[in-house]
Amino acid sequence: MSILSADYVKQGILVRTLTKGDIDKDSYISTYRGNLICSTLGCEAKLVFSSGRTKHFKTWQRSDHSANCIHRFERIKTGTGVDRSQVANVTASEERIQQSLKNAYFDSTLTNEEKEKLKKGSQ
Ligand SMILES: [Zn+2]
Numbered sequence: 000m001s002i003l004s005a006d007y008v009k010q011g012i013l014v015r016t017l018t019k020g021d022i023d024k025d026s027y028i029s030t031y032r033g034n035l036i037c038s039t040l041g042c043e044a045k046l047v048f049s050s051g052r053t054k055h056f057k058t059w060q061r062s063d064h065s066a067n068c069i070h071r072f073e074r075i076k077t078g079t080g081v082d083r084s085q086v087a088n089v090t091a092s093e094e095r096i097q098q099s100l101k102n103a104y105f106d107s108t109l110t111n112e113e114k115e116k117l118k119k120g121s122q
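Under numbering that gives the first Met the number 0, the residue at position 112 of the sequence shown is numbered 111, and the numbers go up by one with no gaps.
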């Protein structure tokens, strides 16, 4: 769900609610930047305006919507949809497998003297 409107606030006071038609790149930079929040009642997530082929508001990266805001789920979907901890675990174990295969290879093909040389060389 895209964010269609944003509240323009100044010193904590709502000035007006903006829609995409009320804002452009220039007015955003001169006036609204840093002063836009989610227009859902009770939600104060910071918003940024993106001017491009399609103008839109989006959630500022380091700001979250309140628990019952309709825009809250957007972040979960587009942001951290991939469980990074799982990915990291898989990568780590693959590396470990590669390493033990390499060790096994060295054990079977090299003399002790050669292994020592390789160890020193790689340090
Ligand atoms: Zn919100």
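Glycine residues also receive a C-beta, built at the ideal position from the N, C-alpha and C atoms. As the structure is a computational prediction, the values presented were derived from the model and not from experiment.
Could you have a look at residue i and say whether DSSP puts it in helix, strand or coil?
i: V81; result: Low confidence applies to V81: its pLDDT is 47, below 50, so where it sits in the model is not reliable, and the reading given next is rough at best. If DSSP states are grouped into helix, strand and coil, V81 belongs with coil.
i: D6; result: strand
i: R15; result: strand
i: T108; result: helix
i: K119; result: helix
i: K114; result: helix
i: N88; result: Bear in mind that a pLDDT of 47 at N88, under 50, signals an unreliable position, so the number given afterwards is only what the model happens to contain. Three-state DSSP puts N88 in a helix.
i: K129; result: Because the chain is modelled from 0 through 122, residue 129 falls outside the range shown and cannot be assessed.
Under 7 Å between C-beta atoms, does residue i make it to chain C?
i: A5; result: As a matter of chain content, chain C is missing from the structure shown, which is built from one protein chain.
Comparing C-alpha positions only, which one of the options sits nearest to residue i?
i: R61; options: S50, I36, N67; result: I36
i: S67; options: N34, D25, G41; result: A small correction: the amino acid at residue 67 is Asn; Ser does not occupy that position in the sequence shown. The candidate whose alpha carbon is nearest that of N67 is G41.
i: S4; options: G51, K45, S65; result: K45
i: D6; options: N111, I28, K116, F56; result: F56
i: E54; options: K19, E112, A103; result: Note that residue 54 is Lys in the sequence shown here, rather than Glu. Of K19, E112, A103, the residue nearest in Cα terms is K19.
i: I12; options: S38, T108, D25, D23; result: S38
Less than 7 Å between the C-beta atoms of residue i and residue j, yes or no?
i: I2; j: H64; result: no
i: K9; j: S50; result: no
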